[in-house]
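**Q**
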Amino acid sequence: MATNILPMLPIILPFFAGVIMLFMGKRPIPHRIVSAITSALMVGISAYSIYYVYKNGAMVTFISNWSAPFGISVVYDMVAALLVLTTSIILFFTVVYSFQSIGYEREKYYYYPMVMFMITGIIGAFTTGDIFNMFVFFEVFLLASYVLITLGNRKIQLQEGFKYFVVNVVSSNFFLIGLAYLYSITGSLNMADIQIKLSNYDGNLAVMTLVAVVFIFVFATKAGLFPLYFWMPGSYNAPPIPIIALFGALLTKVGIYAIARTFSLFFQHDVGYTHQVLLLLALLTIIVGCIGALAYTDMKMVIIYNIMIAVGVIVVGFAMMDEVGSIGAMYYLIHDMIIKGALFLLVGFIIYRTGKNNSEDIGGLINSHPVVGWTFFIAALSLAGVPPLPGFYGKLFIVESAFLNDHVIAAIIVLLSSLIVLFSIMKLFINVFFREPREGLELRDIKSDKLLFSAVGLVVVSIVFGLSADFLYPVFEMAAESFFDPSSYSNYLMEVE
Amino acid sequence: MKSTLKRAGYSKVQRQMNDVFIQFTGRVIFLIILLFSVNMFLAGHYEPGGGFVGGLLAASAVILLLIAFDFETVRKMIPINFHLIISIGLFLAIAVPTALYFFGVPFFTHQHTYIDVPIFGEVALHTAVAFDIGVFMTVAGTALLIVSLVGGMDD
Chain U
1 MATNILPMLP IILPFFAGVI MLFMGKRPIP HRIVSAITSA LMVGISAYSI YYVYKNGAMV
61 TFISNWSAPF GISVVYDMVA ALLVLTTSII LFFTVVYSFQ SIGYEREKYY YYPMVMFMIT
121 GIIGAFTTGD IFNMFVFFEV FLLASYVLIT LGNRKIQLQE GFKYFVVNVV SSNFFLIGLA
181 YLYSITGSLN MADIQIKLSN YDGNLAVMTL VAVVFIFVFA TKAGLFPLYF WMPGSYNAPP
241 IPIIALFGAL LTKVGIYAIA RTFSLFFQHD VGYTHQVLLL LALLTIIVGC IGALAYTDMK
301 MVIIYNIMIA VGVIVVGFAM MDEVGSIGAM YYLIHDMIIK GALFLLVGFI IYRTGKNNSE
361 DIGGLINSHP VVGWTFFIAA LSLAGVPPLP GFYGKLFIVE SAFLNDHVIA AIIVLLSSLI
421 VLFSIMKLFI NVFFREPREG LELRDIKSDK LLFSAVGLVV VSIVFGLSAD FLYPVFEMAA
481 ESFFDPSSYS NYLMEVE
Chain C
1001 MKSTLKRAGY SKVQRQMNDV FIQFTGRVIF LIILLFSVNM FLAGHYEPGG GFVGGLLAAS
1061 AVILLLIAFD FETVRKMIPI NFHLIISIGL FLAIAVPTAL YFFGVPFFTH QHTYIDVPIF
1121 GEVALHTAVA FDIGVFMTVA GTALLIVSLV GGMDD
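Protein chains in written order, with the working numbering: chain U, 1 to 497; chain C, 1001 to 1155.
1) Please state whether DSSP places C/His1126 in a helix, a strand or coil.
2) Using a cut-off of 7 Å between C-beta atoms, extract the partners of C/Leu1090 located in chain U.
3) Find the nearest neighbour of U/Pro498 within the set C/Lys1076, C/Leu1090 and C/Val1028, judged by alpha-carbon distance.
4) Quick one: using the 10 Å Cβ neighbour count with 16 as the cut-off for buried, is U/Gly44 buried or exposed?
5) Mind reading off the beta-carbon distance from U/Tyr97 to U/Ser454? Whole number of angstroms is fine, and I expect it under 8 Å.
6) Buried or exposed, going by whether 16 or more other CB atoms sit within 10 Å of the CB of C/Thr1138?
7) Would you kindly check if the distance between the Cβ of U/Ile425 and the Cβ of U/Tyr352 is under 8 Å?
8) What are the residues that DSSP puts in a beta bridge with U/Phe62?
9) Measure the C-alpha to C-alpha separation of C/Pro1106 and U/Leu493 and round it to an integer number of angstroms.
10) Are the beta-carbon atoms of U/Val316 and U/Val167 separated by less than 8 Å?
11) Say whether chain U places a C-beta atom closer than 8 Å to the C-beta of C/Ser1087.
12) Look at the alpha carbon of C/Phe1021 and the alpha carbon of C/Leu1034, and state the distance between them as a whole number of angstroms.
13) Is it buried or exposed, U/Arg27, if we count other Cβ atoms within 10 angstroms and call 16 or more buried?
14) Determine, for U/Thr221, whether the minimum Cβ-Cβ distance to residues of chain C falls below 8 Å.
15) Assess, as a yes-or-no matter, whether the stretch 75-88 of chain U is touched by the stretch 1116-1134 of chain C under the definition of 3 or more beta carbon pairs within less than 8 Å.
16) What is the residue span of the beta strand (DSSP E) that U/Val386 lies within?
17) Here's the rule I'm using: 16 or more other beta-carbon atoms within 10 Å means buried, otherwise exposed. How should C/Phe1159 be labelled?
18) Nearest-angstrom Cα distance between C/Pro1097 and C/Phe1131?
19) Taking Cβ-Cβ distances shorter than 9 Å, what residues in chain C pair up with U/Thr61?
20) Are the beta-carbon atoms of U/Ala282 and U/Gly312 separated by less than 8 Å?
21) Spell out the partners DSSP gives U/Thr128 in its beta bridges.
22) Could you compute how far the alpha carbon of U/Gly289 sits from the alpha carbon of U/Ile185?
23) Roughly how many whole angstroms lie between the Cα atoms of U/Met116 and U/Ile339?
24) How do the stretch 228-237 of chain U and the stretch 148-162 of chain U stand: do at least 3 beta-carbon pairs fall below 8 Å, yes or no?
25) Would you report the Cα separation of C/Tyr1101 and U/Ser188, rounded to the nearest angstrom?
26) Just how far apart, CA to CA, sit U/Tyr54 and U/Tyr473?
27) Name the two residues that bound the continuous beta strand (DSSP E) containing C/His1112.
28) At a CB-CB cut-off below 7 Å, which residues of chain U make contact with C/Thr1098?
29) On the CB-based measure, 16 or more other CB atoms within 10 Å of its CB, does U/Leu210 come out buried or exposed?
30) Does DSSP put U/Leu373 in a helix, in a strand, or in coil?
31) Could you check the C-alpha separation between U/Leu142 and U/Glu439 for me, to the nearest Å?
32) Could you check what DSSP says for U/Met1 in three-state terms: helix, strand or coil?
33) Mapping the DSSP letters down to three states, classify U/Gly152 as helix, strand or coil.
34) Using a threshold of 8 Å, state whether the C-beta atoms of U/Asn422 and U/Ala384 are closer than that.
35) Rounded to a whole number of angstroms, what is the C-alpha to C-alpha distance between C/Pro1113 and U/Ala329?
36) Across which residues does DSSP place C/Gly1121 in a beta bridge pair?
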């Protein structure tokens, strides 16, 4: 069990692929082949891992064979398994999408290796069982993302990239400070060990609230929660579409994952305060996101503000910290990663085809692109949460949990936000695909088979995910268990001792 | 950079600097720093030091040469591609821990053995050294690449 390579493989593979591509030098075509093969392999491996975890429980490996509370452990539980599979699927489709959209120059300057290093960091942050190691992996994917956001040297990219860099460096420093507090209080960095120590301690733990506030600050910055979202709309608007798709689908979700993990494991003593703050921030995020989504007609901006709404909804689910809420939040998290990736890829196709960012400038595309149009329609319904599609189930559980916990206002805000999501995205749909075509709108002649393959592919993944919700329920129940019942996460430590 | 300086009237900056003292001592100190960096690197197994510090020291030795001479001369002295160094270093850093699975132990678990070498006697062979060489090369290569790129020298 301890020497099982499976939990390490999703971290090793993209790193290896990146290094191999560095050896190849500036040759885009081999880069494409390597990255496509690697991401396809990762999809297969992580899908098998889910089956394996479902049958045998969480996979744990102790790096360097140092046993658990002392060394770094990699805990590949169901949450990690689901997130890794989703990451791999999005990676695969985005890499295929990049072939025809990112541009030869960017491909030459190590675009694919940087994507692979970023994925290494993201998957590492998902799977590690050590909070300091999580910080390290945060840095790994942030470093790669600094490169990706500025790759290409356009003015807007440098400007927004610098903002992104400063914000993240500051919040990473606070992460380190928070870790130092945590270590000085508990004397451990292993998340399971900290959980056991804190739950067995019956003295006053008021000081942990301070750590909770520092952690809220850090992860709210990474996830784009309410007062600290200011960098997000600008920074996510700057780079080319495939990079935005990766950022929007994956990076903010790492922040949410970190919030869910730390708040379920560490901050259980004063739930009335910490989780209320979290809930309040989440609701404010939803409201600000709604305002943004209504205010813009720029396609990228609308979807970026929709990311904020989704972040808020997921955090509402996690702030409840009961079974129903955790299942809903987990399901909605996975759903949102897939559908945000799909929407960015679809919008990207429209932008590449028409050369316009603003939906007001486009019209009547349904005649030339009926498939894209109706795929966009399905993706929009899925985002808003119309029943057979996956958005519905997640929101159902989250709202149910909010009502059960007497947070009626939260539930109503979440419900109303779906209406606004539907409105904002339908506004795009009607502007772009119906109406009379605008004057001077010319469709560019671009190669688009791979663009369409990945955009439609991701929507199909989302539909399949929605239709198999019933079949997947036990999997998500297992995943949510480590949130609403933290001791199930730290069980592996008991087996060691 | 150069044109800005030129416009400001610093045309002398363009000229090759020929400081005999720094060139002569640089050549000597270069070797001393390199030896010290190897010493640091090997000390890192039991004492403070290791691949990271060693790599930085090795890079600083080359940077000293860059200060003393110009880039072309240093390029002739040390005809290495920095990209390749980084690639090899990263490759060692990921391949060695992965290869350890063949010993039936988890990721990163080090393995060692002792062999008899004619003159030196018993010598320890350790997989951690191979990993650390990877770190050494990555750090040195990255530092040099950054300096050469920021210095405006295109490779």
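Cβ atoms here follow ideal geometry from the backbone N, Cα and C, with glycine treated the same way.
This structure is a prediction, so every number in the text was calculated from the model and none was measured.
**A** Looking at the atomic coordinates:
1) If DSSP states are grouped into helix, strand and coil, C/His1126 belongs with the strands.
2) For the C-beta of C/Leu1090, the chain U residues within less than 7 Å are, from N- to C-terminus, Val19 and Leu22.
3) With chain U running from 1 to 497 in the structure shown, residue 498 of chain U is simply not present.
4) The C-beta of U/Gly44 has fewer than 16 other C-beta atoms within 10 Å across all chains shown, which makes the residue exposed.
5) 4 Å between Cβ atoms; contact.
6) Classification of C/Thr1138: buried, given that the 10 Å Cβ count is 16 or more.
7) Going by C-beta atoms, U/Tyr352 is not nearer than 8 Å to U/Ile425.
8) U/Phe62 is bridged to U/Ser73.
9) Spanning the alpha carbons of C/Pro1106 and U/Leu493 requires a straight line of approximately 17 Å.
10) Going by C-beta atoms, U/Val316 is not nearer than 8 Å to U/Val167.
11) Taking a beta-carbon distance threshold of 8 Å, C/Ser1087 counts as an interface residue toward chain U.
12) Cα to Cα, C/Phe1021 sits roughly 20 Å from C/Leu1034.
13) Looking at its Cβ environment, which holds fewer than 16 other Cβ atoms inside 10 Å, U/Arg27 is exposed.
14) Chain C, which has no Cβ nearer than 8 Å to the Cβ of U/Thr221, makes this no.
15) Judged by Cβ distances under 8 Å, the stretch 1116-1134 of chain C makes no contact with the stretch 75-88 of chain U, as fewer than three pairs qualify.
16) Where U/Val386 is concerned, there is no enclosing beta strand (DSSP E), because DSSP gives it neither an H nor an E.
17) There is simply no residue 1159 of chain C to check, as chain C begins at 1001 and stops at 1155 in what is shown.
18) Approximately 7 Å between the Cα atoms of the pair.
19) What U/Thr61 touches in chain C: Pro1106 and Phe1107.
20) Result yes, Cβ atoms of U/Ala282 and U/Gly312 sit closer than 8 Å.
21) For U/Thr128, which the question treats as bridged, DSSP gives the partners U/Val74.
22) So the alpha carbons of these two residues sit roughly 36 Å apart.
23) So the alpha carbons of these two residues sit roughly 21 Å apart.
24) Taking 8 Å as the limit for Cβ pairs, the verdict is that the stretch 148-162 of chain U does touch the stretch 228-237 of chain U.
25) Near 28 Å, if we compare the C-alpha coordinates of U/Ser188 and C/Tyr1101.
26) Each residue's alpha carbon lies about 12 Å from the other.
27) Per DSSP, C/His1112 is one residue of the beta strand (DSSP E) stretching across His1112 to Val1117.
28) Under the 7 Å cutoff, chain U gives Ile12.
29) U/Leu210 is exposed by the Cβ-count criterion.
30) Contrary to the premise, residue 373 of chain U reads as Gly rather than Leu in this sequence. Looking at U/Gly373 - three-state DSSP - the assignment turns out to be helix.
31) If I take the Cα positions, the gap works out to 42 Å.
32) Note that U/Met1 scores 45 on pLDDT, short of 50, meaning its location in the model is unreliable; the coordinates nonetheless yield the value given after this. Taken through DSSP and simplified to helix, strand or coil, U/Met1 comes out as coil.
33) Coil at U/Gly152, not helix or strand.
34) It is worth fixing the name first, because residue 422 of chain U is Leu in this sequence and not Asn. The criterion of a C-beta distance shorter than 8 Å is satisfied by U/Leu422 and U/Ala384.
35) First, the residue type needs correcting, since residue 1113 of chain C is Thr and not Pro in the sequence shown. Here the C-alpha atom of C/Thr1113 lies approximately 51 Å from the C-alpha atom of U/Ala329.
36) As DSSP reads the structure, C/Gly1121 sits in a beta bridge with C/Val1117.
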